[in-house]
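Engineer: Protein chains in written order, with the numbering used here: chain H, 1 to 232; chain F, 1 to 232.
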DNA sequence: ACCTGAACACCGTTCAAGT
DNA sequence: ACCTGAACACCGTTCAAGT
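(1) Are any of the Cβ atoms in chain H nearer than 9 Å to that of residue 109 of chain F?
(2) Nearest by alpha-carbon distance to residue 73 of chain F: which of F/111, F/44, F/119 is it?
(3) Start and end of the alpha helix (DSSP H) containing residue 84 of chain F?
(4) With 9 Å as the threshold, decide whether the Cβ of residue 19 of chain F is near any Cβ in chain H.
(5) Is there a Cβ from chain F that is less than 9 Å from the Cβ of residue 149 of chain H?
(6) Quick check: the stretch 101–114 of chain H against the stretch 58–74 of chain H, are at least 3 beta-carbon pairs closer than 8 Å?
(7) Residue 233 of chain F by DSSP, collapsed to three states: which one?
(8) Taking C-alpha atoms, which residue in F/149, F/121, F/30, F/157 lies nearest to residue 111 of chain H?
(9) Note down, in chain order, each residue of its chain lying with its Cβ closer than 8 Å to the Cβ of residue 33 of chain F, except the 5 sequence neighbours on either side.
(10) Counting only runs of 4+ residues fully inside the stretch 31–55 of chain F, write out the alpha helix (DSSP H) ranges in chain order.
(11) Would residue 217 of chain F pass as a contact of residue 215 of chain H if the rule is Cβ separation under 9 Å?
(12) Please return the same chain residues whose Cβ sits closer than 8 Å to the Cβ of residue 8 of chain H, not counting the five positions on each side in sequence.
(13) Helix, strand or coil: which one does DSSP assign to residue 226 of chain H?
(14) Quick check on the burial criterion: 16 or more other C-beta atoms within 10 angstroms. Buried or exposed for residue 151 of chain F?
(15) Determine the burial state of residue 210 of chain H: buried for a count of at least 16 other Cβ atoms within 10 Å of its Cβ, exposed for fewer.
(16) Excluding five sequence neighbours on each side, which residues of the same chain lie with their C-beta closer than 7 Å to the C-beta of residue 38 of chain H?
(17) Helix, strand or coil for residue 214 of chain H, going by three-state DSSP, please let me know.
(18) Around the C-beta of residue 21 of chain F, are 16 or more other C-beta atoms found within 10 angstroms, so that it is buried, or is it exposed?
(19) Mind reading off the beta-carbon distance from residue 186 of chain F to residue 123 of chain H? Whole number of angstroms is fine, and I expect it under 8 Å.
(20) Based on Cα-Cα distance, which residue from H/176, H/198, H/126 lies nearest to residue 189 of chain H?
(21) Considering only residues of the same chain and omitting the five flanking positions on each side of residue 143 of chain H, which have a CB-CB separation below 7 Å?
(22) Would residue 169 of chain F pass as a contact of residue 132 of chain F if the rule is Cβ separation under 9 Å?
(23) What do you reckon, are the CB atoms on residue 30 of chain F and residue 56 of chain F nearer than 9 Å?
(24) Against residue 173 of chain F, what residues of chain H qualify as contacts under a CB-to-CB distance less than 9 Å, listed in chain order?
(25) Taking the alpha helix (DSSP H) that residue 138 of chain F belongs to, which residues open and close that run?
(26) Going by Cα to Cα distance, which pick from H/70, H/141, H/35, H/86 is closest to residue 117 of chain H?
(27) So, does the CB of residue 60 of chain F fall closer than 9 Å to a CB anywhere in chain H?
(28) Run through DSSP, which three-state label would residue 245 of chain H get?
(29) From the beta carbon of residue 156 of chain H, is the nearest beta carbon of chain F less than 9 Å away?
(30) Note down, in chain order, each residue of its chain lying with its Cβ closer than 8 Å to the Cβ of residue 78 of chain H, except the 5 sequence neighbours on either side.
(31) What separation, rounded to the nearest whole angstrom, lies between the Cα atoms of residue 213 of chain F and residue 220 of chain F?
(32) Hey, residue 23 of chain H and residue 44 of chain H are a contact pair by Cβ (cut 8 Å); roughly how many whole angstroms apart?
(33) Please return the same chain residues whose Cβ sits closer than 7 Å to the Cβ of residue 154 of chain F, not counting the five positions on each side in sequence.
(34) So what's residue 111 of chain H in DSSP terms, helix, strand or just coil?
(35) My guess is that residue 94 of chain H and residue 75 of chain H are in contact by the Cβ rule of under 8 Å, so how many angstroms apart are they, rounded?
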């Protein structure tokens, strides 16, 4: 029995911040972040929207809290053993798994104006990995900027759904043939992606693969710079 | 005399799509994307919000059109001469300059569900640069994913304003000392950034530098892969 | 052909009033 | 101490009615 039905029957349990956040996360998971309103979170808890203001400051505070619920799910880092790139890579994938469970979370990260406590804790642990691997303060700073949102397990993909399998193939075919004249290079890539998608084994647009490809490209570049710095 | 005052006096000139887009861009430049509403764009043109629907389909269509106004300002690419990385780098900076003139544009890019015509044209030209430099179709595809939004001249920065000079130094000092215990690595970086900002010459958090650092790190990594691929 | 008034179904947030 | 009714100042969008 979830919170909603429980509270609809009789509102014995008083509200608190944690209950509000949990209900909001549940609602966003089920209906998407665009459907999340104060009124709807209230309804989910069997309460009017105004009651929520007794437990959260405003909607921004609600979003901050929801993000921290998600980030608290990230697995702790591996021990510092062997190549720092491995430790870093694995932790980024742990963050990615947590964010993937709540697809709205990455859009929330991006709109935060101040880092939340859990974001700070996560970033601190990631900075620690490279510092203990011998990165200078300068190179560490550049590294974090270069990685950007990849540190948190996601990257800004342009045209995320162009390879969406739900798009019907006939429309895709038409689009590609129309693009071919004006945008030959883009059409060539779109054709490749479509072909690879059709063959079962191929991975025309495997998000996970592309994410790790980009991540390791940057980590390898950084390791090269660390070595150059060290032997300076 | 701008469109607003002109049309307030007497509405002789009939509306068209271009005028709506221009007015919307002007409004977003001046007051930010959050202040952009159908009602306010209408007001800017001396017209009710409902009139806009004669020229644009809906708000998403308006945002698409606004983005294409901005992207049309990107300088054309250099000739294919010398290192492809230079040509690519310079064009990305051209895109960056255009987006920087309209700070809301990058947030619009990120929320598009379908690529706009100008986005397609831009991406096509960038794909062309690497293809003509000898990249395989596969590597080209991975390259575009690895670069992500960097291709368009921006990157997802976490905590953009943590080095904001408008934040008062005393509050910054306090925050850092509070962080130091719980988040020593993050505090160390924050301290460095603050020091470099104070010295006039230093560039503790030079967005432009960090952007190009990350861009070149990826371009160099890709060039290495291209060479390995070629001599395979 | 283009513009508008009225309306619909929503938002976040405040605050005095209730229990 | 916590919750609510009423209200404020907004949204995007539709559609019949006006010119």
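Glycine included, C-beta positions come from ideal geometry on N, C-alpha and C.
For clarity, every value in this text was computed on a predicted model and none was experimentally measured.
Structural biologist: For this structure:
(1) A Cβ of chain H is located within less than 9 Å of the beta carbon of residue 109 of chain F.
(2) The residue with the shortest Cα to Cα distance from residue 73 of chain F is F/119.
(3) Residues 84–101.
(4) For residue 19 of chain F, the answer is no, since every Cβ of chain H falls outside 9 Å of its Cβ.
(5) At least one chain F Cβ lies under 9 Å of residue 149 of chain H.
(6) Contact holds: three or more Cβ-Cβ distances are below 8 Å.
(7) Any question about residue 233 of chain F goes unanswered here, given that chain F covers just 1 to 232.
(8) In this structure, F/157 is the residue among F/149, F/121, F/30, F/157 with its C-alpha nearest to the C-alpha of residue 111 of chain H.
(9) Result list for residue 33 of chain F: 104, 107, 108, in chain order.
(10) Counting only runs of 4 or more, we get 38–44.
(11) When the beta-carbon positions are compared, residue 217 of chain F and residue 215 of chain H stay at least 9 Å from each other.
(12) Only weak support exists for where residue 8 of chain H lies, its pLDDT of 42 falling under 50; the coordinates are left without a value.
(13) The answer is helix: DSSP assigns residue 226 of chain H an H, G or I state.
(14) Around the C-beta of residue 151 of chain F, 16 or more other C-beta atoms lie within 10 Å, and the residue is accordingly described as buried.
(15) By the neighbour-count definition (other C-beta atoms within 10 Å, threshold 16), residue 210 of chain H is a buried residue.
(16) Once the five neighbours on either side are set aside, the close Cβ partners of residue 38 of chain H are 49, 52, 59.
(17) In the structure shown, residue 214 of chain H sits in a helix (DSSP, three-state: H, G or I).
(18) Buried is the call here.
(19) For residue 186 of chain F against residue 123 of chain H, the beta-carbon gap comes to about 6 Å, under 8 Å, which counts as contact.
(20) When the alpha-carbon of residue 189 of chain H is set against those of H/176, H/198, H/126, the nearest one is in H/176.
(21) Within the same chain, residue 143 of chain H has close Cβ partners 130, 135, 222.
(22) Going by C-beta atoms, residue 169 of chain F is not nearer than 9 Å to residue 132 of chain F.
(23) In this structure, residue 56 of chain F does not lie closer than 9 Å to residue 30 of chain F by Cβ.
(24) Simply none; closest approach about 17 Å.
(25) Per DSSP, residue 138 of chain F belongs to the alpha helix (DSSP H) from 137–147.
(26) Nearest option by C-alpha distance: H/70.
(27) For residue 60 of chain F, the answer is no, since every Cβ of chain H falls outside 9 Å of its Cβ.
(28) With chain H covering only 1 through 232, there is no way to say anything about residue 245 of chain H.
(29) Interface residue, yes.
(30) Taken in chain order, the residues that qualify are 86, 87, 90, 91.
(31) Straight-line Cα distance between these residues: approximately 11 Å.
(32) About 5 Å separates the CB atoms of residue 23 of chain H and residue 44 of chain H; that is less than 8 Å, so the two are in contact.
(33) The residues 96, 99, 106, in chain order, have a CB closer than 7 Å to that of residue 154 of chain F in the same chain once the five nearest residues on each side in sequence are set aside.
(34) Three-state DSSP puts residue 111 of chain H in a helix.
(35) Separation of the CB atoms of residue 94 of chain H and residue 75 of chain H is rounded to 4 Å, and the pair is thereby assigned contact status at 8 Å.
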